[in-house]
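I have placed the structure first, in the form of structure tokens, so that the comments after it can refer back to it.
In the numbering used here, the protein residues as written are 61 to 620.
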């Protein structure tokens with residue numbers, strides 16, 4: 061058995077449990093319905109929220125098709141309609157649209173659906189995220205009603221304003237001029253720190269609060285919609301609160317024309333979707349971490365991927381990953397991006413007693429400008445590097461600092477709170493990934509001689525996790541029981557015992573884990589159901605740094 065396969069057998073059964081349950085938990089317990097749909101239009105996974113929203117049990121939903129819940133499809137024309145929809149989704153990859161969905165009790169609710177087309181292991185899927193927009197639709201209806209009735213009934217106006225001002229939906233009436241002067245804005249604009257009078261007085265134009273990086277996109281969407289003669293459109297962009305915080309909003313704009321097709325008014329609503337964006341980003345981080353863990357076992361490649369993952373966070377565009385030397389306590393650079401060769405040469409090693417290392421060993425994130433960071437070390441960096449906002453993020457595994465991420469921006473002096481939160485989320489998760497591949501690399505250096513011994517051993521050597529799963533077995537064990545190595549790895553040892561002896565075997569294993577017992581004469585059964593009489597001796601120990609039960613069985617040949 062080669063060392064790569066051994067690594068997977070030893071570590072994946074243990075370490076991967078620490079990442080994938082978190083990914084699964086994030087999806088399973090999300091507040092909005094989530095579906096996985098296959099190419100036939102059948103639901104192959106639904107989360108708890110899907111059952112809660114639609115009124116069906118999970119088992120019922122997993123027997124249903126898209127047309128059972130989405131009103132735009134009917135069973136009669138399903139094949140043709142679904143083929144067109146699937147082809148479109150496959151081409152677009154990411155689709156956002158509004159639709160209506162039917163619950164078990166027959167009621168219908170509006171929702172905004174995000175569809176992601178994904179190919180995995182030769183199969184095609186749609187990942188559907190359903191966002192109930194009932195409240196937004198009510199707000200849109202209130203807006204239309206408000207526009208019609210505002211001059212007719214003062215009492216009605218006050219009532220509707222109260223509804224609007226107590227909702228998360230902010231209403232605007234804009235003039236069709238540069239940067240959109242505001243004629244009216246609902247008082248709940250105060251959720252962004254502004255007063256309505258800041259806009260209606262002319263002190264602020266709406267364009268003044270749109271993020272500078274998004275203003276061109278917003279203008280292009282507006283002018284393009286006018287040129288196309290659209291009466292409404294939706295877009296997402298960032299705005300700045302009065303305190304300077306960045307928020308994501310979704311804007312739905314309504315354009316009104318008179319009989320001569322002349323623009324008469326622009327009305328719109330905006331909704332803060334920052335938390336939804338952060339939730340989506342967190343899910344993506346979890347999925348990316350899962351991919352790093354599941355599909356990569358090369359030490360240097362893993363270092364690079366961890367750094368790449370961290371550099372997805374704005375405003376960082378360059379950085380380094382350092383790993384602590386376990387024997388000396390020194391800090392060594394193992395991956396970098398976006399930095400000059402001279403910088404890398406000067407920044408590649410820090411002694412254990414250096415000020416830089418002592419600061420990091422406190423275990424707290426450090427957010428400063430790069431010149432401030434440089435002043436803590438004796439290292440001289442190139443003057444033309446022009447490095448600005450910098451984050452130093454200790455990475456821990458099991459409460460111990462094992463690595464450090466240094467992330468740098470060439471363009472910004474400050475790191476927003478949202479970015480700090482995302483970075484700290486990544487740092488809290490990547491430690492187990494780094495530790496895993498580091499342990500595997502160390503193990504590879506030491507395992508060659510032991511592997512040769514295990515391979516020629518005629519007795520059955522196998523190693524169990526504390527819950528009884530086989531995490532290693534030698535060739536003699538594999539051959540005698542007639543299973544493949546892949547079938548045995550991950551199998552619980554009790555599955556190799558007769559049903560009539562499972563309870564006894566479980567008690568023996570429990571006593572072994574507790575250190576009360578080390579011998580068993582319960583036979584194994586091979587893949588063909590034939591008994592293999594054995595005497596097994598077991599001892600508690602460690603395997604690759606983890607608690608394990610090491611077992612050696614000898615076949616009793618005269619009983620065969």
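We put the CB at the ideal spot given by N, CA and C, even for glycine.
Residue environment, residue 327, which counts as buried when at least 16 other CB atoms sit within 10 Å: Looking at its Cβ environment, which holds 16 or more other Cβ atoms inside 10 Å, residue 327 is buried.
Same chain, Cβ closer than 6 Å to residue 404, five either side skipped, listed in chain order: Result list for residue 404: 396, in chain order.
Per DSSP, cross-strand counterpart(s) of residue 580: In DSSP, residue 580 forms a bridge with 596.
Neighbourhood of residue 607 by C-beta, 7 Å cutoff - its chain only, sequence neighbours within 5 removed: Taken in chain order, the residues that qualify are 526.
The region 192-203 touching the region 120-128, judged by at least three CB pairs closer than 8 Å: No, they do not touch.
Alpha helix (DSSP H) segments (min. 4 residues) lying fully within the region 525-556: Scanning the region 525-556 from its first residue to its last, the whole alpha helix (DSSP H) runs of 4-plus residues come out as 535-541 and 545-548.
Residue 186 - DSSP class collapsed to helix/strand/coil: Residue 186: strand per DSSP, three-state reduction.
Residue 364 versus residue 410: straight-line alpha-carbon distance, rounded: The C-alpha of residue 410 is placed about 20 Å away from the C-alpha of residue 364.
Where the alpha helix (DSSP H) containing residue 444 begins and where it ends: For residue 444, there is no enclosing alpha helix (DSSP H), as DSSP marks it with neither H nor E.
Counted within 10 angstroms of its Cβ, other Cβ atoms place residue 154 as buried (16 or more) or exposed: Exposed.
Beta carbon of residue 232 nearer than 8 Å to that of residue 302: Against a cut-off of 8 Å, the Cβ pair of residue 302 and residue 232 comes out as no contact.
Any 3 or more C-beta pairs closer than 8 Å across the region 104-119 and the region 138-146: Contact between the region 104-119 and the region 138-146 is absent, because fewer than three Cβ pairs lie under 8 Å.
Residue(s) in a DSSP beta bridge with residue 409: Beta-bridge pairing links residue 409 to 392.
Backbone CA spacing between residue 362 and residue 495 [nearest angstrom]: Looking at the backbone, the Cα of residue 362 and that of residue 495 are separated by about 11 Å.
DSSP beta-bridge partners of residue 105: In the DSSP output, where bridge partners are listed per residue, residue 105 has 96.
Beta-carbon proximity of residue 524 to residue 609, cut-off 8 Å: The answer is yes: Cβ separation under 8 Å.
Buried versus exposed call for residue 572 [16 or more other C-beta atoms within 10 Å across all chains shown]: Under this definition residue 572 is a buried residue.
8 Å Cβ shell around residue 243 - same chain, five flanking residues per side excluded: The answer, listed in chain order, is 233, 234, 235 and 260.
Chain-order list of residues whose beta-carbon lies under 6 Å from that of residue 596 (same chain, five-residue window excluded): Once the five neighbours on either side are set aside, the close Cβ partners of residue 596 are 580, 611 and 613.
Which of helix, strand or coil DSSP assigns to residue 39: Any answer about residue 39 is impossible in this case: the structure gives the chain only from 61 up to 620.
CA nearest to the CA of residue 451, picked from 424, 129, 92 and 457: It is 424.
Distance between residue 299 and residue 476 (C-alpha atoms, nearest Å): Going by C-alpha positions, residue 476 is about 14 Å away from residue 299.
Residue 332, enclosing beta strand (DSSP E) - first and last residue: Per DSSP, residue 332 is one residue of the beta strand (DSSP E) stretching across 323-332.
Residue 359 vs residue 498 beta-carbon contact at 8 Å: Between residue 359 and residue 498, the gap from beta carbon to beta carbon is short of 8 Å.
According to DSSP, residues forming a beta bridge with residue 272: Residue 272 is not bridged to any residue.
Secondary structure of residue 418, DSSP reduced to three states: DSSP places residue 418 in the helix class (H, G or I) of the three-state scheme.
Residue range of the alpha helix (DSSP H) that includes residue 144: Its alpha helix (DSSP H) spans residues 138-152.
Any 3 or more C-beta pairs closer than 8 Å across the region 183-198 and the region 313-328: No: fewer than three Cβ pairs fall under 8 Å.
Alpha-carbon spacing of residue 601 relative to residue 92, whole angstroms: Each residue's alpha carbon lies about 45 Å from the other.
Proximal residues to residue 355 (C-beta, below 7 Å), its chain only, five neighbours per side dropped: Confidence in residue 355 is poor, its pLDDT being 49 and thus under 50, which makes the residue's placement unreliable; the coordinate value appears in the next sentence. Once the five neighbours on either side are set aside, residue 355 has no close Cβ partner at all.
Nearest residue (CA-CA) to residue 536, options 521, 145, 549 and 529: Nearest option by C-alpha distance: 521.
Meets three-Cβ-pair contact criterion under 8 Å: the region 272-279 and the region 366-385: A contact is defined here as three or more CB-CB pairs under 8 Å, and the region 272-279 fails this definition with respect to the region 366-385.
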